[in-house]
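Chemist: What follows is a single structure, and I will ask about it in a moment.
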Amino acid sequence: MPTEKMNVEGGAFFPDSIEQSGDMLIAVGDTQSSDVVTLRSWYSKNGFDWRIGNLHVTRKAPISQLKATLIHRGSGFLLLGLAARDSGLDHAFALQSSDGVNWTEFPPVPSRHYLMAPYVASAEEGVLAMNDDIWLSRVGSTRWEAVPNPFTKCGPQNLFGDAFGTSAVATCKNKPTAKTRISLLSIQGALPPRLVTIPELVVVSGMTTINSQVLLAGYKPAEDQGIIDMPGESEEEDSHSEKIEAVCYLTKDEGRTWAELRPLPVPKGSLAEPGSAFTVGANYLVTGSIGDLARNVEHPAVWVKSFSSDDWQLHRLPPLETDQWSFGTIAQIDGKIIISTHLNYQSTIAGFYINS
């Protein structure tokens, strides 16, 4: 359902990020009028009817965008934002809320080298953020503390808050061989961070857990010179296209051993292109797309596997208005599963898939 077809108080509705709070959805995003950009919040109990919340952060020109990520911290929320000019990022800011309605200022995520949108994840102990370093804001704290980080010379790839505590994923390069590999760091409570051995992968797109069994979705080097191209970094770094293929793994012993799951099913002449992974009840959900090779188009899809089954069930979703899109967050409310979508790979949410 496109956002313009929703019932929104005040009319304008351009959410960047959405989270669930009890029986309510909280969304945040920016609106612009004249030379002022305003970060607002909305709330809904069904994903269709939205009311304006109390969040009201403004910036004047030359600031043209206020992009925000909403994340759970304990029973409340942190909002991590970036103010941008047309020429690039300008400054970071942050807010905190105990209820998703009332907000107060909070220190932004530190950045020792350059300003970037950090990867963030909720954890039992608070909120973790990863930019050029890894930071933790504990529940009830008003500061960020550095987490021991073996990835200081690696490229951050993502944070997953529901796997081995929290999993930090980075791309590390072996300088003598010029080869890269994906490394994973488990951050869990007061335990020292530990490296987890994972299968050889090019990208980790999603991770989630049911009853200590961790599902990992991503891409591995293709054994049969498959047909998904992953471009190299740049010509200066001897770039090339690497053939990759989709894969899902499962571990039942904290990452000591991994079992490759059955392939994600797709129609003949198509490719599975998984994105994020989620847990809904006793089911694993992988969002992504089906690549139609003959027509060179992608169709949105969700794959579902129950905790006790070995088989994936494919659910093709209604097409979007553009072939440039990505999935966002997922929530359960009013007995429904709601998946946000972004058009043109931008941060602004364009609409929701809501199951009937």
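Per the numbering used here, residue 1261 is the first one in the sequence shown, and the count goes up by one each step.
Glycine included, each C-beta is placed from N, C-alpha and C at the ideal position.
Since I believe L1285 is in contact with R1300 (beta carbons under 8 Å), could you give me their beta-carbon distance rounded to a whole number of angstroms?
Modeler: Counting from 1 along the sequence shown, the entry for residue 1300 is found at position 40. Counting from 1 along the sequence shown, the entry for residue 1285 is found at position 25. Rounded, the Cβ-Cβ distance is 14 Å, inconsistent with contact.
Chemist: With 16 other CB atoms within 10 Å as the buried threshold, where does A1389 fall?
Modeler: As a first step, residue 1389 must be located in the sequence shown, where it is residue number 129. Buried, because 16 or more other Cβ atoms sit within 10 Å of the Cβ of A1389.
Chemist: Are the stretch 1358-1373 and the stretch 1309-1327 in contact at 8 Å, needing three or more beta carbon pairs?
Modeler: Enough Cβ pairs lie closer than 8 Å, so yes.
Chemist: Use the C-beta contact count for L1475: other C-beta atoms within 10 angstroms, 16 or more gives buried, fewer gives exposed.
Modeler: Stepping through the sequence shown from its first residue, residue 1475 is reached at position 215. Buried.
Chemist: Taking Cβ to Cβ, would you say T1298 is nearer than 8 Å to D1309?
Modeler: Numbered from 1 along the sequence shown, position 38 holds the residue referred to as residue 1298. Numbered from 1 along the sequence shown, position 49 holds the residue referred to as residue 1309. No, they are not a contact pair.
Chemist: Taking Cβ to Cβ, would you say A1354 is nearer than 8 Å to L1338?
Modeler: Looking up residue 1354 in the sequence shown gives position 94. Looking up residue 1338 in the sequence shown gives position 78. In this structure, L1338 lies closer than 8 Å to A1354 by Cβ.
Chemist: Taking the continuous beta strand (DSSP E) assigned at V1302, which residues delimit it?
Modeler: Residue numbering aside, residue 1302 sits at position 42 when the sequence shown is read from its first letter. Checking the displayed sequence, the identity of residue 1302 turns out to be Trp instead of Val. Per DSSP, W1302 belongs to the beta strand (DSSP E) from V1296 to S1304.
Chemist: Using the rule of at least 16 other Cβ atoms within 10 Å of the residue's Cβ for burial, across every protein chain shown, is D1283 buried or exposed?
Modeler: Residue mapping note: residue 1283 aligns to position 23 of the sequence shown, counting from 1. Burial call: exposed.
Chemist: Keeping to the same chain, check which residues put their C-beta closer than 6 Å to that of L1444; ignore five residues upstream and five downstream.
Modeler: Reading the sequence shown from its first residue, position 184 is the one you call residue 1444. Once the five neighbours on either side are set aside, the close Cβ partners of L1444 are S1427, V1429, V1456 and I1458.
Chemist: Rounded to the nearest angstrom, what separates G1551 and H1373 at their Cα positions?
Modeler: As a working mapping, residue 1551 is identified with position 291 in the sequence shown. As a working mapping, residue 1373 is identified with position 113 in the sequence shown. If I take the Cα positions, the gap works out to 38 Å.
Chemist: Apart from the five residues on each side of it in sequence, which residues of its chain come closer than 6 Å, Cβ to Cβ, to I1590?
Modeler: Locating residue 1590 in the sequence shown gives position 330, where the first residue counts as 1. If we look at I1590 and ignore the five residues flanking it on each side, its Cβ neighbours are F1538 and I1599.
Chemist: Please name the residue in R1345, S1358, F1424 and M1266 whose C-alpha comes closest to that of S1335.
Modeler: Here residue 1335 refers to the residue found at position 75 of the sequence shown. Per the Cα distances, S1358.
Chemist: Please list the terminal residues of the continuous beta strand (DSSP E) segment that includes P1560.
Modeler: As a working mapping, residue 1560 is identified with position 300 in the sequence shown. V1557 to S1566 is the span of the beta strand (DSSP E), which, as asked, contains P1560.
Chemist: Give me the DSSP bridge partner(s) of L1349.
Modeler: Your numbering for residue 1349 matches position 89 in the sequence shown. For L1349, which the question treats as bridged, DSSP gives the partners A1344.
Chemist: On the criterion of 16 or more Cβ atoms from any shown chain inside 10 Å, does T1469 qualify as buried, or is it exposed?
Modeler: Indexing the sequence shown from 1 puts residue 1469 at position 209. Buried, because 16 or more other Cβ atoms sit within 10 Å of the Cβ of T1469.
Chemist: Below 8 Å CB to CB, which residues in the same chain sit around D1392 once its five sequence neighbours on both sides are set aside?
Modeler: The residue labelled residue 1392 in the question sits at position 132 within the sequence shown. Around D1392: S1371, R1372, H1373, Y1374, M1376, T1412 and P1416.
Chemist: Relative to the C-alpha of F1273, which residue among W1404, E1384 and P1262 is closest?
Modeler: Numbered from 1 along the sequence shown, position 13 holds the residue referred to as residue 1273. Ranking the options by Cα distance to F1273, first place goes to P1262.
Chemist: Please report the straight-line C-alpha distance between P1408 and G1348, rounded to a whole angstrom.
Modeler: Translated into positions along the sequence shown, residue 1408 becomes position 148. Translated into positions along the sequence shown, residue 1348 becomes position 88. If you take the alpha carbons of P1408 and G1348, they lie about 30 Å apart.
Chemist: Can you tell me the Cα-Cα spacing of V1562 and A1506, whole angstroms?
Modeler: The count along the sequence shown starts at 1 and reaches residue 1562 at position 302. The count along the sequence shown starts at 1 and reaches residue 1506 at position 246. The alpha-carbon atoms of V1562 and A1506 are separated by roughly 14 Å.
Chemist: Compare the C-alpha of D1570 against each of E1581, A1519 and R1576 and name the closest.
Modeler: Numbered from 1 along the sequence shown, position 310 holds the residue referred to as residue 1570. Comparing Cα-Cα distances from D1570 to each of E1581, A1519 and R1576, the minimum goes to A1519.
Chemist: Distance, Cα to Cα, V1564 vs L1577?
Modeler: Stepping through the sequence shown from its first residue, residue 1564 is reached at position 304. Stepping through the sequence shown from its first residue, residue 1577 is reached at position 317. Whole-angstrom Cα-Cα distance: 13 Å.
Chemist: Tell me the DSSP secondary structure of E1279 in three-state form.
Modeler: For the purposes of this step, residue 1279 is taken as the residue at position 19 of the sequence shown. DSSP places E1279 in strand when its eight states are reduced to three.
Chemist: On the three-state DSSP scale, how would you describe K1435?
Modeler: Counted from its first residue, the sequence shown places residue 1435 at position 175. Residue state, collapsed to three classes: coil.
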